[in-house]
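Asker: Mapping of the sequence shown onto this note's numbering: position 382 corresponds to residue 555, and the numbering continues sequentially without gaps.
All C-beta atoms, glycine included, are put in the ideal place defined by N, C-alpha and C.
Given the structure is predicted, the values throughout are model-derived calculations rather than measurements.
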Amino acid sequence: MTSISEEPSSVIDIRKNRLRSNLLLELFQSGDTSINKMARLFHASIPSATAIVNELIREGWMIETGTGPARAGRPPVLYGLNPHKYLTLIMDINRHETQLVIFDLKNQLVVKRQIDLKLDDTSTFLNSLLTETDNFLEDHDIRQDRLWGIGISMPGLINTQYGVNQTYLSLTKPGEPLANRIQEHFQRPICLINDTRATTIGEHRFGLAKEKSHVLTINSDWGIGLGILLNGEVFNGASGYAGELGHIQVRPDGMLCHCGKIGCLDTVVSAMALIRQAQDGIKAGRVSILPQMVQGDIEALHTHHVIEAAHAGDEFSIDLLSNVGTELGKGLATAVHLFNPEIIIVSGVLADAGPFISNPIEQAINKYCLSDFKSSLSIRISQLGTKARLLGTQAHLFEHLIVKEFA
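Written out as structure tokens, the structure is:
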């Protein structure tokens with residue numbers, strides 16, 4: 174039993190650890206700062222802030238990074254995270270390829286590798302992923318004890334609490350959470366997150382959604398995902414599945430979706446749908462430079478071919494992107510009415526189309542949304558691109574680990 178005399182010191186320790194974790198989170202998100210600014214930010218005295226900084230320096234979490242601009246007198250000393258304290262590993266998995274990325278604690282990319290490993294719902298995929306990752310770490314002489322943790326972003330219905338991807342259950346044995354399987358292999362903490370949710374976090378911490386409270390991010394990739402930021406917090410839903418915009422029905426008599434339903438938005442506006450429509454149009458005799466770009470092998474068409482052709486003035490490719498953008502805008506109009514965002518950020522592989530995709534989205538929203546919802550709404554193409562997903566996964570991992578470290 175804890176005595177009464179011990180309680181005050183326990184409360185002080187809890188408060189100090191909370192300040193320590195909040196300070197490291199602030200440095201992670203905003204960069205180097207001075208002790209005076211830290212004290213103001215966390216409503217602490219300068220001696221208290223100095224003591225905490227000195228502790229974190231002794232423990233290897235922080236370092237002195239230089240001096241800042243001075244209004245008058247001596248320039249303030251700046252402090253930041255020690256990038257060499259730990260490394261993190263990010264596994265960025267999708268249905269087209271997989272990226273392995275090492276970050277330091279200041280979000281600097283140390284090394285990355287793109288591997289030709291497409292997400293497939295089999296144990297073979299996971300075994301290949303673990304083998305490729307082992308080789309990646311060995312090739313760059315990165316020991317497992319240098320890794321603070323591993324963040325994994327991937328598509329699917331992901332329950333982050335239990336580390337389960339309900340869409341890809343065959344990656345592991347029945348009843349074995351994916352996160353547990355990977356954690357057993359590497360003996361490091363694991364954070365599993367949906368790719369669209371990771372993109373939303375990345376945009377909120379480092380991109381166009383920074384300092385905004387109500388945001389939708391549309392991940393126009395091999396499927397369509399919707400990230401939702403409400404009151405400055407990522408909205409997950411009861412089980413972590415919120416935002417599956419790609420599986421609302423838009424064509425009752427449409428195509429069979431990979432989810433087993435008919436006429437989902439994914440079958441009309443995803444990257445795979447775009448490629449299928451391009452192939453069908455060429456087979457039907459549409460004039461285009463696309464066949465030349467793939468030496469006549471239209472089965473080799475990729476989204477970047479359509480986007481490049483559109484930028485080159487190919488009318489057929491421009492029409493394809495316009496149709497996809499219009500249908501996507503119709504779906505987003507429903508989300509706008511539900512969540513009343515201040516900005517919609519377009520990300521994913523189709524975002525490379527720029528105005529060819531964003532303009533028809535905006536026109537459809539203007540057409541199908543009530544005017545009051547449009548007056549303060551902007552549609553923007555992500556400036557971070559795919560980096561938003563990597564940075565979001567890194568931020569999600571960092572925030573989870575730092576809270577755990579100072580619990």
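Expressed to the nearest angstrom, what Euclidean distance is found between the alpha-carbon atoms of VAL497 and GLY469?
Answerer: Those two C-alpha atoms are separated by around 24 angstroms.
Asker: So if DSSP puts VAL284 in a beta bridge, which residue, or which two residues, is it bridged to?
Answerer: Answer by DSSP bridge pairing, in chain order: ILE275.
Asker: To test your reading of the DSSP string, which unbroken beta strand (DSSP E) runs of 3 or more residues are found completely within the segment 385-459?
Answerer: Within the segment 385-459, the complete beta strand (DSSP E) runs of at least 3 residues are 388-393 and 397-403.
Asker: For ILE401, count neighbouring C-beta atoms within 10 Å of its own C-beta (all shown protein chains included) and say buried if the count is 16 or more, exposed if not.
Answerer: It counts as buried.
Asker: Tell me whether GLY380 sits in a helix, a strand or coil according to DSSP, three-state version.
Answerer: Reduced to three states, the DSSP call for GLY380 is coil.
Asker: In the DSSP assignment, find the unbroken alpha helix (DSSP H) run with THR297 in it and report its ends.
Answerer: Element bounds for THR297: 296-312.
Asker: CB-CB under 7 angstroms to PRO181, same chain, minus the five flanking residues each way: which ones, in chain order?
Answerer: Low confidence applies to PRO181: its pLDDT is 49, below 50, so where it sits in the model is not reliable, and the reading given next is rough at best. Hits under 7 angstroms: none found.
Asker: Note the first and the last residue of the continuous alpha helix (DSSP H) segment covering VAL226.
Answerer: 219-231 is the span of the alpha helix (DSSP H), which, as asked, contains VAL226.
Asker: State whether the segment 256-270 contacts the segment 314-332, with contact taken as three or more CB pairs (one from each stretch) at a distance under 8 angstroms.
Answerer: Taking 8 angstroms as the limit for Cβ pairs, the verdict is that the segment 314-332 does touch the segment 256-270.
Asker: The beta strand (DSSP E) with GLU472 in it runs from where to where?
Answerer: Counting along the chain, GLU472 falls outside any beta strand (DSSP E), and DSSP gives it neither H nor E.
Asker: Buried or exposed for PRO425, please, with buried defined as at least 16 other CB atoms from any protein chain shown within 10 angstroms of its CB.
Answerer: PRO425 is exposed by the Cβ-count criterion.
Asker: Could you tell me which of GLY410, ASP394 and ALA415 sits nearest to LEU447, measuring between CA atoms?
Answerer: Cα-wise, what sits closest to LEU447 is ASP394.
Asker: Give me, in chain order, the residues of the same chain whose beta-carbon lies closer than 8 angstroms to that of GLY436; leave out the 5 immediate sequence neighbours on both sides.
Answerer: Within the same chain, GLY436 has close Cβ partners GLN422, VAL423, ARG424, PRO425, ASP426, GLY427, MET428 and CYS430.
Asker: Return the chain-ordered list of same chain residues with a C-beta closer than 8 angstroms to the C-beta of THR240, the five sequence neighbours on each side being excluded.
Answerer: If we look at THR240 and ignore the five residues flanking it on each side, its Cβ neighbours are PRO248, PRO249, VAL250 and LEU251.
Asker: Since LEU320 and LEU260 should fall inside the 8 angstroms C-beta cutoff, what is the C-beta to C-beta distance between them, to a whole number of angstroms?
Answerer: Indeed they touch by this definition, with Cβ atoms about 6 angstroms apart.
Asker: DSSP has MET327 in a bridge; who is on the other side?
Answerer: Paired residues: ASN367.
Asker: Closer than 6 angstroms by C-beta to ASN332: which residues in its own chain qualify, once you throw out the five before and the five after it? Chain order, please.
Answerer: SER412 and GLY413, listed in sequence order.
Asker: Between which residues of its own chain and GLY329 is the CB-CB distance below 8 angstroms, once the five residues before and five after are set aside?
Answerer: Excluding residues within five positions, the ones whose Cβ falls inside 8 angstroms are ASN338, GLN339, THR340, TYR341 and ASN367.
Asker: Would ASP439 and ILE397 be called neighbours here (beta carbons separated by less than 8 angstroms)?
Answerer: A contact, by the Cβ cut-off of 8 angstroms.
Asker: Of all the options ILE275, ARG244 and LEU463, which has the alpha carbon lying nearest to the alpha carbon of LEU493?
Answerer: Of the listed residues, the one whose Cα sits closest to LEU493 is LEU463.
Asker: Taking only three categories from DSSP, how would you classify TYR541?
Answerer: Of the three classes helix, strand and coil, the one that applies to TYR541 here is helix, per DSSP.
Asker: Please confirm if the segment 379-391 is in contact with the segment 346-363, defined as three or more CB-CB distances below 8 angstroms between the two stretches.
Answerer: No: fewer than three Cβ pairs fall under 8 angstroms.
Asker: Roughly how many angstroms separate the alpha carbons of HIS313 and GLN287, rounded to a whole number?
Answerer: Rounded to the nearest angstrom, the two C-alpha atoms are 14 angstroms apart.
Asker: Would you say LEU511 reaches chain B, if we count a Cβ-Cβ gap shorter than 8 angstroms as a contact?
Answerer: No chain B is part of this structure, which consists of one protein chain only.
Asker: Relative to the alpha-carbon of ARG231, which residue among PRO242, ASN209, ASN255 and LYS210 has its alpha-carbon at the smallest distance?
Answerer: Residue ASN255 is the option with its Cα nearest to ARG231.
Asker: How far does the beta strand (DSSP E) with LEU344 in it extend, from its first residue to its last?
Answerer: Element bounds for LEU344: n/a, residue is neither H nor E.
Asker: Pull the bridge partners of MET264 from the DSSP assignment, please.
Answerer: For MET264, which the question treats as bridged, DSSP gives the partners LEU273 and ILE325.
Asker: Output the distance between the C-alpha atoms of ASP453 and ILE471, rounded to the nearest integer angstrom.
Answerer: Approximately 10 angstroms, taken between the alpha carbons.
Asker: Does the structure place the segment 558-570 close enough to the segment 180-194 that three or more beta carbon pairs sit under 8 angstroms?
Answerer: Result no; under three Cβ-Cβ pairs closer than 8 angstroms.
Asker: Sorted by chain position, which residues of the same chain lie with C-beta nearer than 8 angstroms to ARG553's C-beta, five sequence neighbours on each side aside?
Answerer: Closer than 8 angstroms at the Cβ level, and outside the excluded window around ARG553, lie LEU381, ILE516, ILE517, ILE518, VAL519 and SER531.
Asker: Secondary structure at GLY253, three-state DSSP: helix, strand or coil?
Answerer: It is a strand residue.
Asker: Using a Cβ-Cβ cutoff of less than 6 angstroms, which residues in the same chain neighbour ASN409 once the five nearest sequence positions on both sides are dropped?
Answerer: Closer than 6 angstroms at the Cβ level, and outside the excluded window around ASN409, lie ALA415.
Asker: Run through the DSSP bridge pairs and tell me what ARG553 is partnered with.
Answerer: DSSP output for ARG553 lists ILE518 as bridge partner(s).
Asker: Using CA coordinates, which residue listed in ALA245, VAL226 and ARG244 is at the minimum distance from GLU237?
Answerer: If we check each option's Cα against that of GLU237, VAL226 comes out closest.
Asker: Can you list, in chain order, the residues of its chain whose CB lies under 7 angstroms from that of ARG459, leaving out five sequence neighbours each side?
Answerer: Here the set comprises PHE489.
Asker: Can you tell me the Cα-Cα spacing of THR223 and THR206, whole angstroms?
Answerer: Their backbone Cα atoms lie some 13 angstroms apart in a straight line.
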